[in-house]
Every structure is written in structure tokens, then in C-alpha cells.
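Asker: Taken in sequence, the protein lines are chains U and H. Take 233 as the starting number for the first sequence in my numbering and just add one per residue. Take 233 as the starting number for the second sequence in my numbering and just add one per residue.
There are 2 protein chains.
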Amino acid sequence: MSTLGVDLGGTNARAAVVNEEGKILAAVKIPLDDRRPERVVDIIARAALEATHASSSPITACGVGAAGQIRGDSGVIAVAPNLGWRDVPLGQMLHRALGRPVTLTNDLRAAAWGEFKVGAGRGARDVWTMFVGTGVGSAVIANGALVTGARGVAGEFGHVKVVPGGRRCGCGQHGCLEAYVGGAHLLEQMRELLQSGRPTLLAERVTSNGGVLTPALLEEAAEGGDQAAKEIYDAAVGHLALAVANQITVLNPARLLIGGGVLLHCHGMRQRIKEAIAKYTSETAAEQVTVTDAALGDDAGLIGAALLAS
Amino acid sequence: MSTLGVDLGGTNARAAVVNEEGKILAAVKIPLDDRRPERVVDIIARAALEATHASSSPITACGVGAAGQIRGDSGVIAVAPNLGWRDVPLGQMLHRALGRPVTLTNDLRAAAWGEFKVGAGRGARDVWTMFVGTGVGSAVIANGALVTGARGVAGEFGHVKVVPGGRRCGCGQHGCLEAYVGGAHLLEQMRELLQSGRPTLLAERVTSNGGVLTPALLEEAAEGGDQAAKEIYDAAVGHLALAVANQITVLNPARLLIGGGVLLHCHGMRQRIKEAIAKYTSETAAEQVTVTDAALGDDAGLIGAALLAS
Chain U
233 MSTLGVDLGG
243 TNARAAVVNE
253 EGKILAAVKI
263 PLDDRRPERV
273 VDIIARAALE
283 ATHASSSPIT
293 ACGVGAAGQI
303 RGDSGVIAVA
313 PNLGWRDVPL
323 GQMLHRALGR
333 PVTLTNDLRA
343 AAWGEFKVGA
353 GRGARDVWTM
363 FVGTGVGSAV
373 IANGALVTGA
383 RGVAGEFGHV
393 KVVPGGRRCG
403 CGQHGCLEAY
413 VGGAHLLEQM
423 RELLQSGRPT
433 LLAERVTSNG
443 GVLTPALLEE
453 AAEGGDQAAK
463 EIYDAAVGHL
473 ALAVANQITV
483 LNPARLLIGG
493 GVLLHCHGMR
503 QRIKEAIAKY
513 TSETAAEQVT
523 VTDAALGDDA
533 GLIGAALLAS
Chain H
233 MSTLGVDLGG
243 TNARAAVVNE
253 EGKILAAVKI
263 PLDDRRPERV
273 VDIIARAALE
283 ATHASSSPIT
293 ACGVGAAGQI
303 RGDSGVIAVA
313 PNLGWRDVPL
323 GQMLHRALGR
333 PVTLTNDLRA
343 AAWGEFKVGA
353 GRGARDVWTM
363 FVGTGVGSAV
373 IANGALVTGA
383 RGVAGEFGHV
393 KVVPGGRRCG
403 CGQHGCLEAY
413 VGGAHLLEQM
423 RELLQSGRPT
433 LLAERVTSNG
443 GVLTPALLEE
453 AAEGGDQAAK
463 EIYDAAVGHL
473 ALAVANQITV
483 LNPARLLIGG
493 GVLLHCHGMR
503 QRIKEAIAKY
513 TSETAAEQVT
523 VTDAALGDDA
533 GLIGAALLAS
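#1: Using a Cβ-Cβ cut-off of 7 Å (strictly less than) and excluding sequence neighbours within five positions of U:Leu474, which residues of its own chain qualify?
#2: Could you check whether the Cβ of H:Val392 sits closer than 9 Å to any Cβ belonging to chain U?
#3: What residue range does the alpha helix (DSSP H) around H:Ala501 cover?
#4: Leaving out the 5 sequence neighbours to the left and right, which residues in its chain are closer than 8 Å to U:Trp360 when beta-carbon positions are compared?
#5: Taking 6 Å as the limit between beta carbons, can you name the residues of its chain near H:His406, skipping five residues before and five after?
#6: Taking C-beta pairs closer than 9 Å, name the residues in chain H that U:Glu388 reaches, listed in chain order.
#7: With burial defined as no fewer than 16 other Cβ atoms inside 10 Å of the residue's Cβ, what is the status of U:Asn338: buried or exposed?
#8: Let's test the definition: count the other Cβ atoms within 10 Å of the Cβ of H:Arg437 and tell me whether it reaches 16, buried, or not, exposed.
#9: Kindly indicate if chain U contains any beta-carbon less than 9 Å away from that of H:Asp358.
#10: Taking three-plus beta-carbon pairs below 8 Å as touching, is the stretch 252–262 of chain H in contact with the stretch 525–538 of chain U?
#11: Can you check DSSP and say which residues form a bridge with H:Ala312?
#12: By the three-class DSSP mapping on this structure, what secondary structure does H:Val372 have?
#13: Between which two residues does the alpha helix (DSSP H) containing U:Asp466 stretch?
#14: Pick out the complete alpha helix (DSSP H) segments inside the stretch 319–400 of chain U, 4 residues or longer, and give them in chain order.
#15: Which class does U:Ser542 belong to by DSSP, given the choice of helix, strand or coil?
#16: I want to see whether chain U comes within less than 9 Å of H:Gly381, judged by CB atoms only; does it?
#17: For a test of the three-state rule: what should DSSP assign to H:Thr243, helix, strand or coil?
#18: Less than 6 Å between C-beta atoms, sequence neighbours within five positions excluded: which residues of the same chain meet that for H:Glu410?
#19: With 9 Å as the threshold, decide whether the Cβ of H:Gln503 is near any Cβ in chain U.
#20: Using a C-beta to C-beta distance shorter than 7 Å, which residues of chain U count as neighbours of H:Asn244?
#21: Compare the C-alpha of H:Ala526 against each of H:Gln503, H:Gly491, H:Ser542, H:Gly533 and name the closest.
#22: For H:Pro396, return the contacting residues in chain U, with the cut-off set at a CB-CB distance below 7 Å.
#23: Mind reading off the beta-carbon distance from U:Asn314 to U:Gly241? Whole number of angstroms is fine, and I expect it under 8 Å.
#24: According to DSSP, is H:Ala293 helix, strand or coil?
#25: Run the CB neighbour count on U:Asp305, radius 10 Å, all protein chains shown included, and call it buried at 16 or more, exposed below.
#26: For the 8 Å Cβ check, are there 3 or more pairs between the stretch 258–265 of chain H and the stretch 269–282 of chain U?
#27: Is U:Gly470 near the ligand COA, going by C-beta to nearest heavy atom under 8 Å?
#28: Within this structure, are the beta carbons of U:Gly346 and U:Leu496 separated by less than 9 Å?
#29: Excluding five sequence neighbours on each side, which residues of the same chain lie with their C-beta closer than 7 Å to the C-beta of U:Glu544?
#30: In or out: U:Val444 buried (at least 16 other Cβ within 10 Å) or exposed?
#31: Measuring only between beta-carbons, confirm whether H:Gly384 sits less than 9 Å from chain U.
#32: Is there at least one Cβ from chain U nearer than 9 Å to H:Asn375's Cβ?
#33: Can you give the Cα-Cα distance for U:Ser542 and U:Ala245, rounded to whole angstroms?
#34: Buried or exposed: where does H:Thr243 fall if 16 or more other Cβ atoms within 10 Å of its Cβ makes it buried?
#35: Do you know how far the Cα of H:Asp530 is from the Cα of H:Tyr465?
#36: Looking only at DSSP bridge pairs, what is H:Gln301 linked to?
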């Protein structure tokens, strides 16, 4: 039997028919030209129909991974900033449109579940997945099950406080890990540095890059010995690496899966994370954990959402 | 049906026959005059026999909570400092002696499970239990199940690093939370202060207390405005409160249960923990969590061990 997996981002909806082994039989991607919930449901339903048709495999259920905060097991999207949504009962709406049971989770948990079942987490029972992209997030799998928490917000690793009273975060609080190492905040700190007038190699690197800022340029400047860039980079990576090491002490996972654009492009960060685990994680937990890149790329969320529903 | 719960400390073994509702039908406490594993097994078997006899209820299984590091689900105590044990297959030995299946876990998890089933955690699905006594530890219950981790050491909250390269901890690493706020380390820091010759009200308070140091005296001196005591106390409680707030962000429990001698006697600490949650935990997780004292006292471990086996 197959299930439908849906990956609902801010600009596209992707839908795929996935078999029990996690293989994608057919996939469709449709741009969200209109983000009103009713229209998005229509778009997903159309993608579902196309994918089902293309795979010639009937689907028994649908799993959705959406970028946003999902309220418990209720099928309600509490907040989805990229879609401009608040309190949208997407699960119920999709159930009506598709005539199939719908399981709703956040995109990161969907991706973690895909990696756990058929990707880099396969075979382990306790897996912690940590992403550093525009934002910072994580998903905890313990005893072979997703840990959602009492209100559905477990895993919000980007919002642990690393500098009490520090930089303001998008969540409205101060000093969050994400406010230092999240991609958007790394770029903001780079802009602040460039505007400060303080001498930095970064200016020249950004110019050579056609004026485009990327976290990798910051890493290069820092590793190239630029003091100003190094201060920003070292603070960001230092906070990240220590927080990861501590979380592994508490969770004792068999694997730490890492992903997200920032970690993908900043190779030095992965190394710093590994060093921090060796140095700061409690001994037994450090011995146990294997640090691995997420393996399924953009398909992880699609596959995971489908397998969560199967 | 009833099961036997055993609480194996460093100085006594307690055994109780516990029914399915978590009620203790009979309990026996026997001092460990000899700590060799074979002798301890004999003592537990004798306690079991006495308790079973006193309750006139047959037991179907035995659960043991032991102060130490338990290796996964293997029934082996990897390290039990209070008993001077390393790699003792207690589960297997007790199974032979009692002729009943034996479930072995650490004392803190047993207590957390007791609180979860019939104590202060009752009715919740996601509960985090955190103890600050001589040492600092925690037990995570997520999705209604104990999180043990890949190597059985999940929950080692006392060994998250709060000051990289800081005070040396009993575990051999530096800068652990326990090295600042664990009872043994609070006393050590008080002794260091008294020996430093730095003026402090603590000296007088300790003298009035017959020369006996307690963490509560440190709290009193700090709250009484003594600068030297306040520095130690504020650092310890500050690290504890922030680490707790962050862990709640990641775990999103419905309840935080707190216990242990230090928290029991230092009332200001609980308040500081609550304030830190309000200030530093991510918004939704902070709204959700209720902070409650553990309710079953010394019986929590006995009851929890028995219920884990049932």
C-alpha cells in the first residue's frame, strides 16, 4: 500500500506517492500562487491527484509536513510565518478534500522521520536531527517514536538561550541560539559588521561574490584570520557546538543527523560540533553517538510525511 | 497482581510489595552490612521474602532502582560508586535468586516513574523530573515512556557543561552543572570560601549551626546580602535555572517535577527556576509547563521500580 506525502513550504507544495519502503513512486510540485488556506488545499488536492494518477497506485492516507508550528495532534497549524497563517485547521480541510485520513506535522519532524525510516538514521532507535538553515531547529526521536511534547513544540532547539538578554530573535525573545547561528541572523551580523566601518576582509570577499552575502563567506573570512569576522563566527559556532554537546548529554542518541543550508555550506562548523561533543558531552553519551549528514536531501520531508501516515 | 520494588542505595536495600495501583502492601528495609554483589543479592532476596510474606500477596516480577549507571536494558550495573561496583550483572543474579523476571533501572528513573504513575506526574504524558541533591540528575518521560537513550544514560542533566573548562566535577570532566549546584559541590565551595579568609556572614551562620555546613545556610547568607555567599549562590542557581529553562524549551513537558535535598531545603532556588522558565523558555513551552514538587518522597523509587516491572 502507498501513502501520499506532502511537503508544504512557503512557495511550493510538493506531493508524492510513497510506498511502504519509502520509495517515491511519483512526485509533483506546484507553486503556491495564492496562499489562502482554501486555495492551498485545492493546490495540494490537485498535486495529490496528479501524483496518484502518475504512480497508478491508490493511496490509503496522507501525511503533511508544513513549515510552521503545529498544535499537538489536532491537525491545526498554529502559526506558519511563510504562509502568513494563524490557526488554520489544515488537517481537517485536507481530510475533507482528499477523503483520506491526514497526519499533520512540522516539516523538520517529517524530514527527521524520513531519515529515521529510510535515510541516515535507519537502524537506530534514538536519533536527534538538528538543522541549521535560515532558522535552527531539531526533532527528537526516542524509543523509536517522535517526541512532540505536551503542546507539540518539543525540539525547538533554536530557541534555547545562549546569551541571556542577548540578540533579539525572530520569536520575540532575546539571546536565542538562532539569533546567533541561524542563517538569517548570520547575514544580519555580517551586514552590521560591514556597516560598522570596522576593517574586515569580508568587504572584499562579498564584493568578489557580486555583493551577495552568504554564511560561507563569513566562515572563509574567519578561517582566513580576519579578526572581526572571527568574533562573529566564533561566537555563533561556539554557542551552537556547546548547546549541541549538552543536548547529546541529555538525549544520549545513537545518531546525530545534521542538515540545513548553513551546515551544508560551512564545513568548519561540523568539525567544531564534533570537537565539542568529544570535549563537553558526558563520556558515555559521547562514545555512543555518530554524527552523520542527513542523506535524503529535499525528499526527506516528503518521504517522512508519507511514512508517518502509513 | 503485585510486583516487588527494590530501592538499592549505598547503605540500605529497601523492598516493597506493590499492587497495580501503586499501593505499598508491605515494605522491608535491610542495611547493607556487606556490599559484595553476592551478599547484596542475598540481602535483597531476604527482604523480598519478608515483604512478600508480610503482604501475603504473591509477586509476579521484580523491579530494581539502583544508584548508579545502568547499561541499557542488559540488567548490568556499569558503575555504582556508592557500592563500589563495576559491571555487576545484578539483573541476572537477582533473577536466579528470586525466580522472577527482573527489570533494572537507575534510582532516579524509578522515582520518576513512580511519580508519573501515581504521584505528582499522574495524568500527564510528557514529564521531566529533575533532582538536585548530592548530585544533579533527571529522567525524561516522553510519549508516556521512559527515555533511556542509546546507551542507557539519557537524562544526565547534571553533566551538561555550564562553564566550559570550569570547576572539576566528580565525573572527571570540567564545568558540569553538578560541579556548581550539586549539594556536595555547594559544600565544597562553601568550605573554599571559609578557608579563603574573605569576610563572609557564612562563618557566623555555620558556627551557630554547630559547625555543620548545609546548602540552606549558603542560601540564607546570600539572601541576607552577604556578597561572597551571593557570588557562589547566584552562579550556581543562575546556571541551574537557565539550563532548566532551556531543557524545557527542547522537551516541552506538561510537568516539571522537582526534588532532591538541595531543592527541598533551598526554597529560593525553586522560585529562581520558575522565574527563569517565564523569562527564557520558548513561549509555548513555558505556557504549558507546570512546576511541581515530587510527591512520593522516599517511596517514589520503590513504587516506580515495582510498577516498571508490572
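From the three backbone atoms N, C-alpha and C, an ideal C-beta is built for every residue, glycine too. If you're wondering where the values come from, they're calculated on a predicted model, not measured in any experiment.
Answerer: So, from the listed chains and residues:
#1: The residue given as residue 474 of chain U occupies position 242 in the first sequence. For U:Leu474, where only same-chain residues beyond five positions count, the Cβ hits under 7 Å are Ala508, Tyr512.
#2: If you number the second sequence from 1, residue 392 of chain H lands on position 160. By the rule that beta-carbons nearer than 9 Å mark a contact, H:Val392 touches chain U.
#3: Your numbering for residue 501 of chain H matches position 269 in the second sequence. First, the residue type needs correcting, since residue 501 of chain H is Met and not Ala in the sequence shown. Residue range 499–512 is occupied by the alpha helix (DSSP H) that includes H:Met501.
#4: The residue you call residue 360 of chain U lines up with position 128 of the first sequence. Ser370, Ala371, Val372, Ile373, Gln479, Ile480, Leu483, Pro485, Arg487, Leu488, Leu489.
#5: Numbered from 1 along the second sequence, position 174 holds the residue referred to as residue 406 of chain H. Cβ neighbours of H:His406 beyond the five flanking positions: Gly397, Gly398, Arg400.
#6: Position 156 of the first sequence, counted from the start, is the residue given in the question as residue 388 of chain U. Against U:Glu388, the close residues of chain H are Thr481, Val482, Asn484, Ser514, Thr516, Ala517, in the order they occur along the chain (beta-carbon pairs closer than 9 Å).
#7: Taking the first residue of the first sequence as 1, we reach residue 338 of chain U at position 106. Answer is buried; the Cβ neighbour count reaches 16.
#8: Position 205 of the second sequence, counting from 1, holds the residue named residue 437 of chain H. With 16 or more Cβ atoms within 10 Å of its Cβ, H:Arg437 is classed as buried.
#9: Counting from one through the second sequence, the residue named residue 358 of chain H turns up at place 126. Closer than 9 Å to some Cβ of chain U, the Cβ of H:Asp358 qualifies, so yes.
#10: The stretch 252–262 of chain H, when compared against the stretch 525–538 of chain U, does not touch it at the 8 Å Cβ threshold.
#11: Residue 312 of chain H sits at position 80 when you count from the first residue of the second sequence. Looking at the DSSP output, H:Ala312 sits in a beta bridge with H:Trp317.
#12: Along the second sequence, one-based indexing puts residue 372 of chain H at 140. Secondary structure at H:Val372: strand, using DSSP grouped into helix, strand and coil.
#13: Here residue 466 of chain U corresponds to residue number 234 of the first sequence, with the count starting at 1. Looking at the DSSP string, the run of the alpha helix (DSSP H) that includes U:Asp466 is 459–483.
#14: 322–330, 339–350, all fully within the stretch 319–400 of chain U.
#15: For the purposes of this step, residue 542 of chain U is taken as the residue at position 310 of the first sequence. In this structure, U:Ser542 counts as coil in the three-state DSSP scheme.
#16: In the second sequence, residue 381 of chain H corresponds to position 149, counting from 1. Answer yes: the Cβ-Cβ gap between H:Gly381 and chain U drops below 9 Å somewhere.
#17: Numbered from 1 along the second sequence, position 11 holds the residue referred to as residue 243 of chain H. It is coil, neither helix nor strand.
#18: Position 178 of the second sequence, counted from the first residue, corresponds to residue 410 of chain H. Within the same chain, Cβ atoms closer than 6 Å to the Cβ of H:Glu410 are found at Gly367, Val368, Gly390, Cys401, the five residues on either side in sequence being excluded.
#19: By one-based count along the second sequence, residue 503 of chain H stands at place 271. Chain U contact via Cβ: absent.
#20: To locate residue 244 of chain H, count along the second sequence from 1; it is residue 12. Residues of chain U with a Cβ closer than 7 Å to the Cβ of H:Asn244 do not exist; the shortest Cβ-Cβ separation is about 27 Å.
#21: Counting from 1 along the second sequence, the entry for residue 526 of chain H is found at position 294. When only C-alpha atoms are compared, the closest one is H:Gly491.
#22: In the second sequence, residue 396 of chain H corresponds to position 164, counting from 1. Within 7 Å Cβ-Cβ: Leu474, Tyr512.
#23: Along the first sequence, read from residue 1 onward, the residue named residue 314 of chain U stands at position 82. Along the first sequence, read from residue 1 onward, the residue named residue 241 of chain U stands at position 9. Right, their Cβ atoms sit about 7 Å apart.
#24: In the second sequence, the residue the question calls residue 293 of chain H occupies position 61. Per DSSP, reduced to three states, the secondary structure at H:Ala293 is strand.
#25: As a working mapping, residue 305 of chain U is identified with position 73 in the first sequence. Only exposed fits U:Asp305, as fewer than 16 other CB atoms lie within 10 angstroms of its CB.
#26: Taking 8 Å as the limit for Cβ pairs, the verdict is that the stretch 269–282 of chain U does not touch the stretch 258–265 of chain H.
#27: Ligands are entirely absent from the displayed structure, and the ligand COA is therefore not among its contents.
#28: Walking along the first sequence from the start, residue 346 of chain U turns up at place 114. Walking along the first sequence from the start, residue 496 of chain U turns up at place 264. The criterion of a C-beta distance shorter than 9 Å is not satisfied by U:Gly346 and U:Leu496.
#29: The first residue shown for chain U is 233 and the last is 542, placing residue 544 of chain U beyond what the model contains.
#30: The sequence position of residue 444 of chain U within the first sequence is 212, counting from 1. With fewer than 16 Cβ atoms within 10 Å of its Cβ, U:Val444 is classed as exposed.
#31: The residue you call residue 384 of chain H lines up with position 152 of the second sequence. Chain U contact via Cβ: present.
#32: Reading the second sequence from its first residue, position 143 is the one you call residue 375 of chain H. For H:Asn375, a Cβ of chain U is located within less than 9 Å of the residue's own Cβ.
#33: Residue 542 of chain U sits at position 310 when you count from the first residue of the first sequence. Residue 245 of chain U sits at position 13 when you count from the first residue of the first sequence. The alpha-carbon of U:Ser542 is positioned some 20 Å away from that of U:Ala245.
#34: The count along the second sequence starts at 1 and reaches residue 243 of chain H at position 11. H:Thr243 should be labelled exposed.
#35: Taking the second sequence and counting its residues from 1, one reaches residue 465 of chain H at position 233. Taking the second sequence and counting its residues from 1, one reaches residue 530 of chain H at position 298. Taking the Cα positions, H:Tyr465 is about 27 Å away from H:Asp530.
#36: One-based indexing of the second sequence puts residue 301 of chain H at position 69. Note: H:Gln301 sits in a beta bridge opposite H:Val311.
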